[in-house]
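Q:
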Amino acid sequence: PVCAGLWPGELRRRADGPAWLVAGGADATGADGQLATVRRGDGLAVFCQLDPAALDAGTVSWNRLTAWRQGRAIAQLAANLGAELACDGRLLAPIPPPDRIRLDGTWKAALTLPLPPSAADQPKPKDLGPTAAALALVRPDADESGLAAVPAGKEWESYGGAWTTTDGEAVFRRTIDIPA
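Residue 216, in my numbering, is where the sequence shown stops; the numbers in between run on with no holes.
#1: What residue range does the alpha helix (DSSP H) around Arg-48 cover?
#2: Smallest Cα separation from Thr-142: which of Val-96, Ala-55, Arg-209, Pro-37?
#3: To the nearest angstrom, how far is it from the Cα of Ala-188 to the Cα of Ile-214?
#4: Please report the distance separating the alpha-carbon of Thr-202 from that of Pro-44.
#5: How far does the beta strand (DSSP E) with Leu-57 in it extend, from its first residue to its last?
#6: Under three-state DSSP, which class holds Glu-205?
#7: Could you give the first and the last residue of the continuous beta strand (DSSP E) run that contains Ala-168?
#8: Rounded to the nearest angstrom, what separates Trp-104 and Gly-66 at their Cα positions?
#9: Cα separation between Val-207 and Glu-120?
#10: Is Arg-105 helix, strand or coil when you go by DSSP?
#11: Identify which residue in Ala-55, Arg-49, Arg-76, Pro-54 has its Cα closest to the Cα of Ala-62.
#12: For Glu-180, count neighbouring Cβ atoms within 10 angstroms of its own Cβ and tell me buried if that reaches 16, exposed if not.
#13: If contacts are defined as beta-carbon pairs under 8 angstroms, then Cys-225 and Leu-117 qualify, I think. What distance do you get, rounded to the angstrom?
#14: Are the CB atoms of Gly-94 and Leu-151 within a distance shorter than 8 angstroms?
#15: Hey, out of Leu-91, Pro-37, Leu-183, whose CA is closest to Leu-80's CA?
#16: Checking the sheet assignment: what are the DSSP bridge partners for Lys-144?
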């Protein structure tokens with residue numbers, strides 16, 4: 037069932053060079069080791085070794101179709117496992133189901149502890165837990181007047197200003213109504 041909707045052409049690797057393949061330890065394998073499953077109790081792990089980004093599709097013309105096919109295969113696997121993209125909901129079900137609460141849209145956010153970007157050879161700073169500023173902003177009666185309006189689901193570098201040049205701690209807030 038995990039592979040429903042896949043066809044062999046999507047699983048054919050049309051590239052020279054090494055490929056990561058599942059060689060053992062799986063309950064089931066397919067596509068010569070490009071796909072595998074491991075079941076533990078009620079859980080199912082799916083290993084997918086398809087990697088369209090590893091294909092040089094920009095300069096090797098015959099890899100373009102292979103990259104597209106592998107991307108489609110990964111999307112099909114994800115859909116078979118219950119994954120849903122935001123655009124799926126807009127395209128197929130314009131009205132969200134009544135048991136779902138939409139979290140997309142605009143949130144309020146504050147960068148509460150900016151840290152300078154660290155170099156790869158520097159140790160990461162020790163996590164001391166939430167700062168007092170962050171704890172104050174997660175209280176139900178917090179003053180939201182100093183928070184910036186930001187779109188959900190974006191990397192914070194896209195928010196501009198101090199967000200683009202720092203790492204650190206941030207608080208995101210949004211008020212939602214939970215129906216009875």
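All C-beta atoms, glycine included, are put in the ideal place defined by N, C-alpha and C. Bear in mind that the values here come from a model prediction, so they are computed numbers and not experimental data.
A: According to the structure shown:
#1: Counting along the chain, Arg-48 falls outside any alpha helix (DSSP H), and DSSP gives it neither H nor E.
#2: Arg-209
#3: 19 angstroms
#4: 45 angstroms
#5: Counting along the chain, Leu-57 falls outside any beta strand (DSSP E), and DSSP gives it neither H nor E.
#6: strand
#7: Here Ala-168 belongs to no beta strand (DSSP E); instead the alpha helix (DSSP H) covers 168-173.
#8: 20 angstroms
#9: 26 angstroms
#10: helix
#11: Arg-76
#12: exposed
#13: This structure gives no information on residue 225, because the portion of the chain shown stretches from 37 to 216.
#14: no
#15: Pro-37
#16: Ala-185, Arg-209
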